[in-house]
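Comments concern the structure below.
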Amino acid sequence: MHTPSYLTTDTGRKLAYHKTVGAGPGVVFLGGFASDMEGTKALHLEGWSRAEGRAFLRFDYSGHGQSSGGFTEGCIGDWAADAQAALTQLTEGPQVLVGSSMGGWIALLLARAMPEKVAGLVGIAAAPDFTEDSMWAGFDADQRAALEAEGHVALPSDYSDAPYIITRRLIEDGRGHLVLRAPLPLQMPVRLLQGTADADVDVSVALRLLDHAEGEDIRLTLVKGADHRFSAPENLDLVTQTLASIVPATA
Numbered sequence: 001m002h003t004p005s006y007l008t009t010d011t012g013r014k015l016a017y018h019k020t021v022g023a024g025p026g027v028v029f030l031g032g033f034a035s036d037m038e039g040t041k042a043l044h045l046e047g048w049s050r051a052e053g054r055a056f057l058r059f060d061y062s063g064h065g066q067s068s069g070g071f072t073e074g075c076i077g078d079w080a081a082d083a084q085a086a087l088t089q090l091t092e093g094p095q096v097l098v099g100s101s102m103g104g105w106i107a108l109l110l111a112r113a114m115p116e117k118v119a120g121l122v123g124i125a126a127a128p129d130f131t132e133d134s135m136w137a138g139f140d141a142d143q144r145a146a147l148e149a150e151g152h153v154a155l156p157s158d159y160s161d162a163p164y165i166i167t168r169r170l171i172e173d174g175r176g177h178l179v180l181r182a183p184l185p186l187q188m189p190v191r192l193l194q195g196t197a198d199a200d201v202d203v204s205v206a207l208r209l210l211d212h213a214e215g216e217d218i219r220l221t222l223v224k225g226a227d228h229r230f231s232a233p234e235n236l237d238l239v240t241q242t243l244a245s246i247v248p249a250t251a
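Just so we're aligned, residue 1 is where the sequence shown starts under UniProt numbering, counting upward by one.
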């Protein structure tokens with residue numbers, strides 16, 4: 001693992017990142033909830049970008065990976081602000097955002113807030129509004145009571161022995177960043193990739209996003225049998241093929 005560089009944001013958070021110099025538009029990978037920039041998809045995209053001579057950026061949100069802060073201190077608004085700082089300060093010109101799971105929600109927030117910086121968007125099992133529509137909606141009465149009384153609740157994780165600690169702040173802040181309740185104009189090319197065997201993000205979420213977003217070049221590809229990780233060799237190849245279809249070839 002190479003030593004990362006660090007960006008200190010206006011909020012004082014230190015974001016770990018790896019940047020590859022190359023042609024534009026560059027590619028920026030936005031990871032998922034409680035994941036980091038050392039995952040299979042991030043490294044695959046970095047290798048592809050280097051081979052293509054294209055600029056690439058991967059980074060850790062605060063409270064994730066090698067960045068500062070504790071995971072349970074953060075929320076969607078914080079991580080979206082981290083991503084906006086990285087996009088603004090570490091890239092030049094419009095970028096193609098590749099957002100995995102929660103990163104898909106972050107990518108949509110960036111595309112809505114600063115469309116001039118987004119040349120294209122690829123969502124991999126994008127999970128917009130998941131704090132409300134998946135977490136809060138799935139809590140039973142005891143979990144909601146615990147969240148209110150104690151400020152957090154533990155949920156089992158399929159990706160770690162340790163549970164996810166879901167805070168009341170995460171849920172309440174998420175309500176201020178929902179993208180499926182108001183107009184969502186996406187005037188850049190948008191490609192959504194979704195596995196039919198995804199146990200974390202149902203196909204209905206991808207269909208709802210496809211129906212809700214406004215734009216002339218938005219496409220959804222369903223991959224039979226693909227799970228939420230979307231990291232099998234054929235899935236990774238599809239991600240880079242999708243990228244190649246919406247960015248001009250480098251010289």
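Cβ coordinates follow ideal geometry from the N, Cα and C atoms, glycine included.
Remember, predicted model here, so these are calculated numbers, not experimental data.
Next item on the list: For His-2, I'd like the list of residues in its chain whose CB is within less than 8 Å of its CB, leaving aside the five on either flank, ordered along the chain.
Entry: These residues qualify, in order along the chain: His-18.
Checklist line | First and last residue of the uninterrupted alpha helix (DSSP H) at Val-122 | finding: Counting along the chain, Val-122 falls outside any alpha helix (DSSP H), though it belongs to the beta strand (DSSP E) covering 118–124.
Next item on the list: Give the straight-line distance between the Cα atoms of Val-223 and Ala-199, rounded to the nearest whole angstrom.
Entry: Those two C-alpha atoms are separated by around 14 Å.
Next item on the list: Tell me Glu-214's beta-bridge partners as DSSP assigns them.
Entry: Per DSSP, Pro-185.
Notebook entry, point to check: Under three-state DSSP, which class holds Ala-226?
Noted result: The three-state secondary structure of Ala-226, taken from DSSP, is coil.
Note to self: How far does the beta strand (DSSP E) with His-18 in it extend, from its first residue to its last?
What the structure shows: Looking at the DSSP string, the run of the beta strand (DSSP E) that includes His-18 is 14–20.
Item checked: is_contact[Leu-192, chain C] using C-beta, thresh 8 Å -> Looking at the structure shown, chain C is missing, and only one protein chain is on hand.
Check: Alpha carbon to alpha carbon, how far is Ala-251 from Thr-221?
Finding: Below a pLDDT of 50, predicted positions are generally treated as unreliable, and Ala-251, at 49, falls in that range; no measurement from the model is reported.
Margin query: Which residue marks the beginning of the beta strand (DSSP E) containing His-152, and which one marks its end?
Written below: 152–155 is the extent of the beta strand (DSSP E) around His-152.
Next item on the list: Return helix, strand or coil for Phe-59, following the three-state DSSP convention.
Entry: Strand, per DSSP.
Next item on the list: Per DSSP, which residues does Ser-100 bridge with? Please list them.
Entry: DSSP output for Ser-100 lists Ile-124 as bridge partner(s).
Next item on the list: May I ask which residues mark the beginning and end of the alpha helix (DSSP H) holding Gln-24?
Entry: The residue asked about is misnamed: residue 24 is Gly in this sequence, not Gln. First-last for Gly-24: 23–30, but that is the beta strand (DSSP E), not the alpha helix (DSSP H).
Next item on the list: Measure from the alpha carbon of Arg-215 to the alpha carbon of each residue in Leu-243, Val-190, Thr-8, Leu-110, then state which is nearest.
Entry: Strictly speaking, residue 215 in this sequence is Gly, with Arg absent from that position. Looking at the Cα atoms, Val-190 is the closest of the given residues.
Notebook entry, point to check: Would the region 136–149 and the region 100–116 be scored as touching if the rule is three or more Cβ pairs under 8 Å?
Noted result: The region 136–149 makes no contact with the region 100–116, as fewer than three CB pairs between them are under 8 Å.
Next item on the list: State yes or no: is the C-beta of Ile-166 within less than 8 Å of the C-beta of Met-135?
Entry: Yes, they are a contact pair.
Check: Contact between the region 81–88 and the region 172–179: three or more CB pairs below 8 Å?
Finding: The region 81–88 is not in contact with the region 172–179.
Margin query: What does the alpha-carbon distance come out to for the pair Arg-158 and Leu-209?
Written below: The residue asked about is misnamed: residue 158 is Asp in this sequence, not Arg. Spanning the two alpha carbons is a distance of roughly 25 Å.
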